[in-house]
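Going by our numbering, the sequence shown wraps up at 545, each residue one higher than the last.
I have placed the structure first, in the form of structure tokens, so that the comments after it can refer back to it.
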Amino acid sequence: MPTVIVDGHEVEIGADERLNCIEAARRAGKEIPHYCWHPGLSVVASCRMCLIETGQRDPATGKVSMVPKLVPGCQTPVRDGTVIVTESEAVKESRARVEEALLIDHPIDCPICDKAGECLLQDYHFDHGQAERRADIHAFTSRKREVGPTISLFVDRCIMCTRCVRFTREVSGTGELMVTSRGAKEEIDVFPGFPLDNKLAGNVVDLCPVGALGDKDFLYQQRVWFLKREANVCGGCSAGCSIHTEHNQDTVYRLKPRENPHVNTWWICDEGRYGWHHLHDSSRILAAGRRPTGHSHGNGNAAAFQPVEWADVVTGLRADLEQAGRLTVAVSPMLTVEEAWMLCGVARSIDPEAFLALGHVPIRGGDESFPGGFTIRGEKCPNRKGVEEVLAVFGAGGRTWNDLLAHVASGHADAAWITAGYPAAWTDEATAEAFAGLPCLVVQDLFDSPLTAHATWQLPAVGFAERAGTWINVAHHAQSFRQAIRPPAGVWPEGRLYWNMLGRRGLYDPVAVRRQLAESSPAFAALGGDMPETGVDLRVRQLA
Ligand code: SF4
């Protein structure tokens with residue numbers, strides 16, 4: 002195996018790996034500071050923060066010959082015998098000079114800067130800078146430039162790393178950003194009339210190592226040190242991008258991409274990034290309700306739902322469905338596989354012949370791919386694959402929402418339980434009419450819909466950050482995640498209701514359900530052990 006020597010410690014790298022000094026040093030647990038380098042972008046070696054000493058060890062004699070000057074770690078590839086020195090006096094001096102130069106032109110406005118607390122300029126200055134300023138502080142302009150509908154540029158704070166410019170050229174392929182002027186006067190800007198407005202634009206805020214690019218959605222909402230973060234999965238489309246949900250006191254403040262080489266690399270789309278506001282929408286359904294027995298519904302004069310305590314939902318819902326007769330269940334692709342599996346189990350315990358089918362799959366346009374390899378899926382739900390696999394376990398594989406509508410229309414159903422949980426309007430009056438004559442209709446959703454008028458039971462659903470479990474994306478990649486925030490008071494996550502309806506004791510435990518599912522179905526066998534944060538590829542595991 003090729004070996005690299007980092008500050009005297011030998012680390013092995015793969016024979017085919019193409020690593021630079023920053024990446025090789027990380028293998029040895031050494032972080033080489035850098036601003037302009039990013040693994041998802043081209044190398045420009047412009048910030049000079051990653052200057053280090055390197056050399057080469059002779060394999061025959063073991064003698065090391067060093068390069069007589071500092072070199073940029075981002076631009077210097079390693080090979081067998083490469084020697085990296087990250088902590089010499091020359092390296093430390095170089096870092097201190099780079100920090101000093103940057104801070105001459107950077108306002109110390111940390112108290113009003115969104116980036117404070119997660120700013121590389123702050124962190125590197127503490128780690129590598131010097132305590133005293135040798136140059137006079139000059140006046141800053143505090144110019145703010147609206148470079149796009151979602152992003153502001155705080156011009157003085159920019160350190161000209163050009164990560165943002167390269168992103169728009171290499172990843173989004175939209176090229177809105179550029180460097181204007183030269184030398185000490187250079188600035189980031191957009192071309193007149195062409196704002197930074199593309200479907201991946203928010204990523205430049207994550208890329209900016211300082212507070213120059215601000216996300217208007219998050220600006221001045223929270224200090225970052227108040228935020229807690231949970232590894233989640235975006236529910237916006239069937240790509241299932243890995244994200245961090247950042248929240249405080251059960252309120253989500255922002256979503257950030259979570260690096261996952263198997264799914265989304267370093268990026269997320271803006272639709273996913275800002276797709277959390279519905280969680281805090283005041284029009285959400287917040288309580289379980291049932292229309293009084295004998296009251297007609299579906300004619301526009303339906304009686305109001307009477308609130309029902311959850312303990313009574315568990316027994317009353319089962320009783321109503323058993324009494325109604327032939328049951329039909331739509332299993333929403335917004336549910337996790339654990340929830341879907343329990344729901345199917347509940348349905349079959351009520352009616353062993355229950356007709357199970359995949360719920361509505363929202364589609365908007367086609368898949369959209371970008372030059373950097375990122376793809377936004379047209380299928381706007383995270384777990385169609387997972388629900389399809391669950392349905393196959395129950396002998397209902399391949400059944401779709403349209404099959405369910407046809408089943409109901411042909412008079413083969415007495416009761417229907419429609420699970421939904423979509424963040425936006427998803428059905429219409431005509432579709433809802435199909436359920437108008439049913440003796441019992443259960444609708445479990447985030448918001449009122451045309452189905453509400455015909456419902457006997459209305460049950461709240463939860464959003465992506467309020468549930469726990471596993472989603473399987475369009476490429477059969479399974480990712481498990483924990484609940485980030487609690488749902489609004491009075492709302493039970495779907496899994497908790499199904500867990501109780503199955504008569505299971507204690508608190509709902511998605512991990513226990515997942516293990517049980519893995520043991521009972523070969524299709525889910527790979528979900529049995531501890532799941533890595535980046536998930537598992539179910540197809541690969543099955544073939545192995
Ligand atoms: S705005 Fe941020 S990402 Fe862009 S060049 Fe300046 S410091 Fe770098």
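All C-beta atoms in this analysis are idealised placements derived from N, C-alpha and C, irrespective of residue type, glycine included.
| Item | Value |
| --- | --- |
| Is the beta carbon of asparagine 233 closer than 8 Å to that of phenylalanine 375? | no |
| According to DSSP, simplified to helix, strand and coil, what is leucine 256? | strand |
| Using only CA atoms, which one of Cys441, Ala185 and Ile269 lies nearest to serine 173? | Ile269 |
| Rounded to whole angstroms, what is the Cα-Cα separation between alanine 431 and leucine 452? | 10 Å |
| If distances are taken between C-alpha atoms only, which option among Glu18, Thr329, Met343 and Pro150 comes closest to tyrosine 499? | Met343 |
| With DSSP run on the structure shown, which of helix, strand or coil describes isoleucine 14? | coil |
| When you compare each of Phe356, Ile419 and Pro334 to glutamate 380 by their alpha carbons, which one comes out closest? | Pro334 |
| Measuring alpha carbon to alpha carbon, tell me which residue in Thr457, Gly470 and Leu460 is nearest tyrosine 509. | Gly470 |
| For alanine 25 and valine 391, what's the separation of their Cα atoms in angstroms? | 43 Å |
| Can you tell me where the alpha helix (DSSP H) holding asparagine 204 begins and where it ends? | 204-208 |
| Going by DSSP, what residue range makes up the alpha helix (DSSP H) through serine 95? | 90-105 |
| Taking 8 Å as the threshold (beta carbon to beta carbon), is serine 350 in contact with chain D? | The structure shown contains no chain D; it holds only a single protein chain. |
| Do you know whose CA, among Thr142, Met502 and Gly491, lies nearest glutamate 310's CA? | Gly491 |
| Could you tell me how far apart the beta carbons of valine 338 and leucine 359 are, in whole angstroms, since I believe they sit closer than 8 Å? | Actually they are not in contact, since the Cβ atoms of valine 338 and leucine 359 sit about 13 Å apart, beyond 8 Å. |
| Just mark isoleucine 109 as buried or exposed, buried being the case when its beta carbon has 16 or more other beta carbons within 10 Å. | exposed |
| Between Gly412, Val394, Arg385 and Gly396, which lies nearest to tryptophan 402 when the distance is taken from Cα to Cα? | Arg385 |
| Could you check where the alpha helix (DSSP H) with glutamine 445 kicks off and where it finishes? | Careful: glutamine 445 lies outside any alpha helix (DSSP H), inside the beta strand (DSSP E) at 441-446. |
| If contact is defined by three or more beta carbon pairs under 8 Å, each pair taking one atom from either stretch, is the region 223-241 in contact with the region 157-172? | no |
| Is there contact here, the region 84-91 with the region 114-122, by at least three beta-carbon pairs under 8 Å? | no |
| Report yes if the C-beta of cysteine 159 is less than 7 Å from at least one heavy atom of ligand 1; otherwise report no. | yes |
| If you measure from the CB of isoleucine 85, is any heavy atom of ligand 3 nearer than 7 Å? | Questions concerning ligand 3 fall outside what the structure shown contains, since the ligands it does hold are ligand 1. |
| To the nearest angstrom, how far is it from the Cα of valine 92 to the Cα of phenylalanine 525? | 51 Å |
| Quick one: Cα of leucine 503 to Cα of glutamate 171, how far? | 51 Å |
| For histidine 35, count neighbouring Cβ atoms within 10 angstroms of its own Cβ and tell me buried if that reaches 16, exposed if not. | buried |
| Would you list the one or two residues that DSSP bridges to histidine 478? | Asp538 |
| Pick helix, strand or coil for aspartate 216, following the three-state DSSP scheme. | strand |
| Taking a contact to mean a Cβ-Cβ separation below 8 Å, would you say glycine 290 touches glutamine 459 in this structure? | yes |
| Does the region 74-83 come into contact with the region 33-52, if we say contact requires no fewer than three beta-carbon pairs (one atom in each stretch) closer than 8 Å? | yes |
| Proline 262 and aspartate 207 - do their beta-carbons sit closer together than 8 Å? | no |
| For the region 10-72, list the beta strand (DSSP E) runs that are entirely contained and at least 3 residues long, ordered along the chain. | 10-13, 52-58 and 65-67 |
| Taking only the alpha-carbon atoms, compute the straight-line gap between glycine 130 and arginine 96 and give it to the nearest angstrom. | 7 Å |
| Just checking alanine 213 against ligand 1 - is the residue's beta carbon closer than 7 Å to any of the ligand's heavy atoms? | yes |
| When the Cα atoms are used, what is the spatial distance from serine 297 to alanine 456? | Reliability fails at serine 297, whose pLDDT of 49 lies under 50, so the model's placement of it is uncertain and the value that follows must be treated cautiously. Distance between the alpha carbons of serine 297 and alanine 456 is about 10 Å. |
| With DSSP collapsed to three states, give me the class of glutamate 247. | strand |
| Anyone know if the C-beta pair for alanine 519 and glycine 529 falls short of 8 Å? | yes |
| Please classify arginine 515: is it buried, with 16 or more other beta-carbons within 10 angstroms of its beta-carbon, or exposed? | buried |
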